[in-house]
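Numbering (our numbering), first residue to last: 462 to 876. Virtual Cβ for every residue (Gly too), placed ideally from N, Cα, C. All figures in this text were calculated on a predicted structure; none of them were measured in a lab.
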């Protein structure tokens, strides 16, 4: 736990340095389009109440009410059955007083995984991790923190067919360079309430849907991530893969500031972002602190800024991402560069080659109707020619995934 706290503190400090520089124009929060009536969530009595460290392997099912931190120790497996709902007791005490100094005294519950988490739902029986509040909102609970020993190659956690909502940092991966944890076919949303107070001024720092750090190398694919602050934060030396995800509507909200991106990637990691959609976020992908990320076959559209190199701190190493065969279209600024607070639009060659600008024909209505079809001219068979789809054809630009598991009524509109 002590090591995890040190690593998280480092990540928060880096995030503070980047966020405090100042970023772009102010974004007005868009209003969600009319949508089908969401599937109601029944209020049911818990079938079990949980808190503390697991004494051995456990299997959860039904309605699970979590009243204290859950710790899955090394050598132990927590299995969560399809259709299970896990409700974390919310706590909103003294949120306006939260700072970097007192972050670890924050009374927010978490699921700490030092062993193995196996949470595999099904299209008809999703697992739900949520708040117990009658009026839930982001940061009601801390999140799922996956942190096995790097040497323990047997501990591969899986979260599949699940909804993770109203956390601060919904899923956090720490350590585990040899491991390939998997998050697949999930909806991750509403990690969007901002209240980590900066060391000066009134700026607050927000949560995120997925966080990688310290050489973690998970695979995150086929997910829908929306309505958060940052959809994805990456810091470290690992080799994570982020592919075939829908990343939408991650915005600054209300009086709070601190940035809100589809992706914030920092450090010399070799993260691969492939075949994703980044739509109507504040920024699509932000590169900083020497990022060497590989970005290919993505759609980056409708964001305040599309691809952004941010060198806000004079001590910060310059980023040189490899961006190729992406569709960068219809952003406020498609390619943006910040050098020590001086913002300027730049040519796409600063980011890479063979990027295109094609209308992806995608709208908010398409999102809320779960219409994720990107097989349009200019996108179909127009991706990296060295990559191939399952049918053997040239790779596409944009997500190429089976979204039949998504019922549009699951896509709760933004408040």
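Compute the distance between the beta-carbons of residue i and residue j, then report whether it is under 8 Å.
{"i": "residue 762", "j": "residue 710", "result": "no"}
{"i": "residue 678", "j": "residue 694", "result": "no"}
{"i": "residue 736", "j": "residue 700", "result": "no"}
{"i": "residue 587", "j": "residue 624", "result": "yes"}
{"i": "residue 621", "j": "residue 581", "result": "yes"}
{"i": "residue 785", "j": "residue 760", "result": "no"}
{"i": "residue 606", "j": "residue 573", "result": "yes"}
{"i": "residue 833", "j": "residue 874", "result": "no"}
{"i": "residue 533", "j": "residue 576", "result": "yes"}
{"i": "residue 512", "j": "residue 548", "result": "no"}
{"i": "residue 780", "j": "residue 749", "result": "yes"}
{"i": "residue 529", "j": "residue 570", "result": "yes"}
{"i": "residue 828", "j": "residue 872", "result": "yes"}
{"i": "residue 703", "j": "residue 734", "result": "yes"}
{"i": "residue 856", "j": "residue 848", "result": "yes"}
{"i": "residue 520", "j": "residue 556", "result": "no"}
How would you call residue i, buried or exposed, if buried means at least 16 neighbouring beta carbons within 10 angstroms?
{"i": "residue 846", "result": "exposed"}
{"i": "residue 765", "result": "buried"}
{"i": "residue 863", "result": "exposed"}
{"i": "residue 772", "result": "buried"}
{"i": "residue 727", "result": "buried"}
{"i": "residue 732", "result": "buried"}
{"i": "residue 838", "result": "exposed"}
{"i": "residue 683", "result": "buried"}
{"i": "residue 725", "result": "buried"}
{"i": "residue 741", "result": "buried"}
{"i": "residue 662", "result": "Because residue 662 carries a pLDDT of 47, less than 50, the predicted location of this residue cannot be relied on, and no value is offered for it."}
{"i": "residue 610", "result": "exposed"}
{"i": "residue 777", "result": "buried"}
{"i": "residue 852", "result": "exposed"}
{"i": "residue 782", "result": "buried"}
So the beta strand (DSSP E) residue i belongs to, where does it begin and stop?
{"i": "residue 682", "result": "680-682"}
{"i": "residue 589", "result": "588-592"}
{"i": "residue 809", "result": "Run containing residue 809: none; DSSP gives neither H nor E here."}
{"i": "residue 535", "result": "Unbroken run through residue 535: none, as it is neither H nor E."}
{"i": "residue 631", "result": "630-635"}
{"i": "residue 571", "result": "571-574"}
{"i": "residue 835", "result": "Neither: residue 835 is in no beta strand (DSSP E) and is coded neither H nor E."}
{"i": "residue 623", "result": "623-626"}
{"i": "residue 788", "result": "788-790"}
{"i": "residue 512", "result": "509-514"}
{"i": "residue 702", "result": "702-704"}
{"i": "residue 643", "result": "643-645"}
{"i": "residue 604", "result": "604-607"}
{"i": "residue 762", "result": "760-762"}
{"i": "residue 672", "result": "669-674"}
{"i": "residue 696", "result": "691-696"}
Quick check on the DSSP output: the alpha helix (DSSP H) that includes residue i runs from which residue to which?
{"i": "residue 795", "result": "No alpha helix (DSSP H) holds residue 795; the beta strand (DSSP E) holding it covers 794-800."}
{"i": "residue 829", "result": "825-829"}
Thinking C-alpha only, which one of the options is nearest residue i?
{"i": "residue 514", "options": "536, 523, 508, 522", "result": "536"}
{"i": "residue 552", "options": "749, 627, 848", "result": "627"}
{"i": "residue 641", "options": "865, 578, 680", "result": "680"}
{"i": "residue 600", "options": "617, 554, 585", "result": "554"}
{"i": "residue 524", "options": "542, 512, 546", "result": "546"}
{"i": "residue 596", "options": "630, 609, 550", "result": "550"}
{"i": "residue 952", "options": "798, 832, 787", "result": "Outside the shown range of the chain, which is 462 to 876, sits residue 952, and nothing can be said about it."}
{"i": "residue 799", "options": "835, 783, 541, 768", "result": "768"}
{"i": "residue 589", "options": "683, 848, 522", "result": "522"}
{"i": "residue 585", "options": "526, 567, 517, 647", "result": "647"}
{"i": "residue 876", "options": "753, 858, 712", "result": "712"}
{"i": "residue 751", "options": "696, 609, 518, 674", "result": "696"}
{"i": "residue 517", "options": "539, 777, 851", "result": "539"}
{"i": "residue 858", "options": "782, 707, 723, 753", "result": "707"}
{"i": "residue 603", "options": "617, 852, 527", "result": "527"}
{"i": "residue 616", "options": "630, 629, 634", "result": "634"}
{"i": "residue 608", "options": "578, 598, 629, 594", "result": "578"}
{"i": "residue 598", "options": "583, 508, 629", "result": "629"}
{"i": "residue 830", "options": "722, 810, 685", "result": "685"}
{"i": "residue 754", "options": "797, 812, 850, 722", "result": "812"}
Within 8 Å of any Cβ in chain E, is that where the Cβ of residue i sits?
{"i": "residue 648", "result": "Protein chains in the displayed structure number just one, and chain E is not present."}
Assess contact between the stretch 791-811 and the stretch 835-845, defined as three or more Cβ pairs (one per stretch) separated by less than 8 Å. Is contact present? no
Evaluate the contact criterion for the stretch 814-829 versus the stretch 784-797: three or more CB pairs, one atom per stretch, below 8 Å. yes
Cβ contact (3+ pairs, closer than 8 Å) linking the stretch 686-693 and the stretch 642-654: yes
contact_flag[the stretch 743-758, the stretch 862-869] where n(CB pairs < 8 Å) is 3 or more: no
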